Amino acid sequence: MHLTTNIALATIGTLTAKVQAQTTDWTTAYSKATASLAQLSLQDKINIVTGVGWNDGPCVGNTAAVPSIDYPELCLQDSPLGVRYGTNVTAFTPGIQAASTWDIALIRQRGEYLGAEAKGCGVHVLLGPVAGPLGKNAQGGRGWEAFGPDPYLTGVAMEQTIAGMQGSGVQATAKHYILNEQELNRDTMSSRTDDRTMHELYLWPFADAVRAGVASVMCSYNQVNGTWACENDETLNQLLKTELGFKGYVMSDWDAQHTTVGAAVGGLDMTMPGSDFNGGTILWGPQLLTAVDSGQVSESRVDDMVTRILASWYYIGQDAPGYPVINLAAAVQDDHKDNVRAVARDGIVLLQNTGGILPLIAPKKLALVGSAAVVNPAGPNACTDRGCDTGTLGMGWGSGTANYPYLVAPYDALKTQAAADGTTLSLDSSDTTTNVTSTVSGADAAIVVITADSGEGYITVEGNAGDRNSLDPWHSGNALVQAVAAANNNTIVVVQSVGPVILETILALPGVKAVVWAGLGSQESGNALVDILYGSTSPSGKLPYTIAKAASDYPSTPVPGNDSYPEGLYIDYRHFDESNISPRYEYGFGLSYTSFTYSDITVTSNATSGPATGTIAPGGREDLFDTVATVTVTITNSGSVAGAEVAQLYVSLPNSAPASPPRQLRGFDKLSLAAGASGTAIFNLRQKDLSYWDVVSQNWIVPKGSFGISVGASSRDLRLNETITTS
Ligand code: BGC
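Residue numbers are given in the UniProt record's numbering: position 235 of the sequence shown equals residue 235, and the series is strictly consecutive.
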């Protein structure tokens with residue numbers, strides 16, 4: 001059964017009840033699963049819930065086939081940006097770049113293509129997308145795999161990515177569940193947060209994932225409130241399976257299972273990879289059989305695990321004949337690079353453009369500086385799982401990667417452009433300041449490319465064990481820019497980064513005229529950069545996180561021991577707004593080569609105060625997803641070139657709600673507009689978007705009173721204000 005949407009892509013604007021929960025399909029899937037279950041021996045069942053072991057199958061995770069019900073050897077494979085270890089696959093852009101586009105159609109298409117490539121390789125379960133880490137720690141190593149620290153944007157991206165992947169016929173995995181916000185001590189630490197923060201921040205995007213019909217959820221390495229996330233009754237049985245009505249199965253992260261009985265009772269449904277990974281012991285398989293025989297685990301619990309796993313397989317339609325055989329060498333790239341280029345390009349955020357230095361128009365002499373301007377001389381895939389910061393940076397490191405089929409670095413793409421324009425292009429890719437003056441002086445402009453990298457903690461790169469040690473540019477990037485800007489008054493800084501970098505040193509340099517936040521453009525990063533630098537497309541990305549003036553302005557960093565999340569609801573812009581801290585570039589910020597005006601805000605609302613009352617469907621109480629108010633705004637491209645604007649809607653809850661962040665993103669709409677053209681941004685607010693989580697009644701409540709509705713170009717550039725009043 002395929003997940004389908006009820007709305008044409010072209011009309012997708014803000015999140016509404018667009019991806020309908022496929023309850024009837026789940027019903028069909030469950031009845032097929034129940035019929036198959038009846039034919040299985042206990043041993044068959046154990047085989048379905050237990051991975052075959054590390055390196056004992058063609059994929060990073062595998063379970064044994066059950067021929068009696070035509071159930072295949074299941075292939076579970078990383079990653080959220082492509083088929084890991086595939087040899088003829090696309091290296092899609094990381095999640096954070098997709099978020100940075102704020103473009104629902106591109107995010108959806110990225111998911112579709114990811115799913116198509118995975119299916120083409122015979123993968124049944126693709127291990128993505130990522131909503132944990134959410135990104136409360138700017139230095140957190142894996143934030144780039146996910147969609148940034150706002151739960152609403154992350155939720156939209158999760159929903160669209162999952163719908164895309166599963167629509168292409170592959171099972172998606174929402175990971176890592178939950179409160180897995182750092183690499184430091186990830187497999188020993190305990191995380192804890194208050195109930196309201198859990199619901200309003202960390203659980204929120206997983207609810208959207210469940211609503212999108214996600215087949216599986218991967219529980220994380222850490223403990224939650226002193227209990228391992230993979231045997232945590234509260235987070236798995238209560239929150240995920242009961243409150244959110246999750247129909248699929250919970251799989252463990254690789255070796256995140258710690259007990260046989262505790263995990264079974266606590267809500268785990270499939271153990272991965274089996275588990276003899278990194279010296280781990282096998283906890284299910286024969287041990288689960290013994291536990292059932294001795295009555296410590298009921299057979300009905302095992303039946304539930306199996307039913308969930310089989311139902312997900314049926315739900316996605318993988319029982320249909322002709323599923324491709326497992327072949328990680330399958331040629332599946334198609335024209336998917338077009339999506340990579342579009343996401344890489346439209347995720348680029350223009351931060352500064354003094355005197356309109358950009359776009360470049362056929363400069364006579366151009367200088368290019370930085371080791372990140374070129375591909376790693378040892379080859380784009382020279383470092384396993386991208387575990388080095390050598391050469392241009394298109395993704396972070398770890399399991400969340402794929403091999404590049406090719407990698408277009410800035411130098412490659414600029415060379416082509418320079419040849420077409422008759423521009424003399426000089427290059428210094430040494431990262432040293434020794435000869436840089438002679439390279440850049442006399443050039444019409446000097447482009448310097450700097451990086452900041454991070455990844456998964458099993459690899460340490462330049463002393464960074466996953467999480468970043470600081471928010472400074474790598475490879476003495478500040479000093480490099482200083483040297484360039486001292487010798488060239490038209491310096492353009494290009495930042496390839498996994499997340500926020502402190503830019504104060506760079507911005508203080510009078511020679512720096514432009515800052516282009518290139519993010520992580522994967523295989524097409526050079527081409528995407530040239531598209532923006534030369535203005536074939538106007539920049540339209542907006543920051544999916546806050547760039548602070550100082551690292552200490554952020555509310556949290558990875559901690560060595562346990563983390564009780566003292567910052568609560570106040571992460572990223574919620575913290576800066578609440579504490580009145582001026583960021584350097586606020587959440588949602590991004591410049592364009594054109595300008596946009598906002599006018600004519602309209603609000604229609606039938607929102608009423610009170611608790612959610614709907615029945616539980618995948619995602620939570622059904623009425624939470626009803627549209628209760630619609631806001632429209634006219635956006636006009638008032639400049640002289642075509643461009644796209646991401647209009648953002650922020651909600652301020654009335655005073656009757658408990659103390660809340662001053663503003664929270666609850667809608668966005670990206671409009672492409674020709675010069676002089678106008679369009680209507682439409683924001684459909686769901687009941688949940690106007691609710692807070694009430695810890696007493698354990699329910700979402702729409703508070704009574706006047707809601708502030710602000711629409712603008714960023715979280716701080718709010719152009720139009722209105723109110724919605726509930727009684
Ligand atoms: C990561 C997961 C990944 C798994 C399999 C773990 O280390 O946390 O994200 O899916 O490995 O490679």
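From the three backbone atoms N, C-alpha and C, an ideal C-beta is built for every residue, glycine too.
This structure is a prediction, so every number in the text was calculated from the model and none was measured.
Pick from the options that is closest to residue i, judged by C-alpha positions
{"i": "Lys337", "options": "Lys549, Tyr692, Asn490 and Ala528", "result": "Ala528"}
{"i": "Gly61", "options": "Gly51, Ser68, Ile69 and Pro67", "result": "Gly51"}
{"i": "Tyr554", "options": "Tyr585, Gly463 and Gly526", "result": "Tyr585"}
{"i": "Ser216", "options": "Asn562, Gly245, Gly274 and Ala105", "result": "Gly245"}
{"i": "Gly167", "options": "Arg110, Ile178 and Ser678", "result": "Arg110"}
{"i": "residue 792", "options": "Asp689, Gly457, Met305 and Val695", "result": "Residue 792 lies beyond the stretch modelled for the chain, which goes from 1 to 727, so this question has no answer here."}
{"i": "Lys364", "options": "Ala445, Asp303, Lys136 and Ala551", "result": "Ala445"}
{"i": "Ser540", "options": "Ser497, Asn637 and Ile581", "result": "Asn637"}
{"i": "Val369", "options": "Ile502, Asp428, Ile162 and Pro67", "result": "Asp428"}
{"i": "Asn137", "options": "Gln171, Ala65 and Asn180", "result": "Asn180"}
{"i": "Ala146", "options": "Tyr177, Cys59, Lys119 and Pro662", "result": "Tyr177"}
{"i": "Asp303", "options": "Asp623, Gln39 and Lys670", "result": "Gln39"}
{"i": "Ser582", "options": "Ala550, Thr557 and Pro611", "result": "Ala550"}
{"i": "Leu114", "options": "Gly86, Asp669, Gly140 and Ser100", "result": "Gly86"}
{"i": "Asp694", "options": "Val214, Asn88, Pro94 and Ala612", "result": "Ala612"}
{"i": "Val89", "options": "Asp334, Asp253 and Pro67", "result": "Asp334"}
{"i": "Ser41", "options": "Gly57, Ser31, Tyr573 and Ser68", "result": "Ser68"}
{"i": "Val516", "options": "Ala647, Leu351 and Ala443", "result": "Leu351"}
{"i": "His575", "options": "Trp397, Ala131 and Ser552", "result": "Ser552"}
{"i": "Gln160", "options": "Ser522, Cys59 and Gly95", "result": "Gly95"}
{"i": "Thr63", "options": "Gly398, Trp313 and Thr197", "result": "Trp313"}
{"i": "Asp441", "options": "Ala91, Ala486, Gly122 and Gln687", "result": "For the sequence presented, residue 441 should be read as Ser rather than Asp. Nearest C-alpha to Ser441: Ala486."}
Status (buried if at least 16 other CB within 10 Å, exposed otherwise) for residue i
{"i": "Pro618", "result": "buried"}
{"i": "Thr725", "result": "exposed"}
{"i": "Tyr411", "result": "buried"}
{"i": "Asn469", "result": "exposed"}
{"i": "Ile450", "result": "buried"}
{"i": "residue 738", "result": "Here the chain covers residues 1 to 727 and nothing more, so residue 738 does not appear."}
{"i": "Glu112", "result": "buried"}
{"i": "Thr24", "result": "Caution applies to Thr24, whose pLDDT of 47 falls short of 50 and renders its modelled position unreliable; the value that the coordinates give is listed next. Flag for Thr24 reads exposed."}
{"i": "Ala21", "result": "With a pLDDT of only 31 at Ala21, under 50, the local geometry of the prediction cannot be trusted, and no value is derived from it."}
{"i": "Asp577", "result": "buried"}
{"i": "Asn684", "result": "buried"}
{"i": "Asn55", "result": "exposed"}
{"i": "Tyr570", "result": "buried"}
{"i": "Ala385", "result": "Looking at the sequence shown, residue 385 is not Ala but Asp. Buried, by the Cβ-count rule."}
{"i": "Val484", "result": "buried"}
{"i": "Ile361", "result": "exposed"}
{"i": "Gly538", "result": "The sequence shown places Ser at residue 538, not Gly. With 16 or more other Cβ atoms within 10 Å, it is buried."}
{"i": "Gln43", "result": "exposed"}
{"i": "Glu462", "result": "exposed"}
{"i": "Thr546", "result": "buried"}
Extent of the continuous alpha helix (DSSP H) run through residue i
{"i": "Trp313", "result": "Glu299 to Ile316"}
{"i": "Ala342", "result": "Lys337 to Asp346"}
{"i": "Glu231", "result": "Taken as a continuous stretch (DSSP letters only), Glu231 belongs to no alpha helix (DSSP H), as it is neither H nor E."}
{"i": "Gly526", "result": "Ser525 to Leu533"}
{"i": "Phe92", "result": "Run containing Phe92: none; DSSP gives neither H nor E here."}
{"i": "Thr725", "result": "Careful: Thr725 lies outside any alpha helix (DSSP H), inside the beta strand (DSSP E) at Leu718 to Thr726."}
Range of the contiguous beta strand (DSSP E) that encloses residue i
{"i": "Val49", "result": "Counting along the chain, Val49 falls outside any beta strand (DSSP E), though it belongs to the alpha helix (DSSP H) covering Leu42 to Val49."}
{"i": "Gly643", "result": "Gly643 to Ser652"}
{"i": "Asp293", "result": "No beta strand (DSSP E) contains Asp293, which is instead part of the alpha helix (DSSP H) from Pro286 to Asp293."}
{"i": "Ala367", "result": "Lys365 to Val369"}
Next on the checklist: With three or more beta-carbon pairs closer than 8 Å as the criterion, would you say the region 599-606 touches the region 716-727?
Outcome noted: yes
Item to check | alpha helix (DSSP H) runs contained entirely in the region 407-473, provided each spans 4 or more residues | outcome: 410-421 and 436-440
Checklist entry - Touching or not, the region 40-59 and the region 67-76, by the rule of three or more beta carbon pairs under 8 Å? => result yes
Checklist entry - At which residue ranges does the region 119-162 contain complete alpha helix (DSSP H) runs of 4 or more residues, listed in the order of the chain? => result none
Next on the checklist: Assess contact between the region 641-648 and the region 221-232, defined as three or more Cβ pairs (one per stretch) separated by less than 8 Å. Is contact present?
Outcome noted: no
Next on the checklist: I want to know whether the region 445-460 touches the region 548-564 - three or more CB-CB distances under 8 Å.
Outcome noted: no
Checklist entry - Within the chosen definition, does the region 345-353 reach the region 99-113 through at least 3 CB pairs nearer than 8 Å? => result yes
Item to check | 4-residue-minimum alpha helix (DSSP H) runs that sit fully inside the region 567-628, ordered along the chain | outcome: 572-578
Item to check | Minimum length 4: unbroken alpha helix (DSSP H) runs contained in the region 469-508 | outcome: 477-487 and 504-507
Next on the checklist: For the region 396-404 against the region 77-96, do three or more pairs of beta-carbon atoms, one drawn from each stretch, fall closer than 8 Å, so that the two count as touching?
Outcome noted: yes
Next on the checklist: Measuring CB atoms only, is the region 707-718 touching the region 587-595, in the sense that at least three cross pairs come out at less than 8 Å?
Outcome noted: yes
Checklist entry - Quick check: the region 286-295 against the region 309-325, are there 3 or more CB pairs under 8 Å? => result no
Next on the checklist: With three or more C-beta pairs closer than 8 Å as the rule, is the region 236-251 touching the region 153-166?
Outcome noted: no
Item to check | Complete runs of the beta strand (DSSP E) confined to the region 176-222 [at least 3 residues] | outcome: 216-219
Next on the checklist: I want to know whether the region 406-425 touches the region 510-526 - three or more CB-CB distances under 8 Å.
Outcome noted: yes
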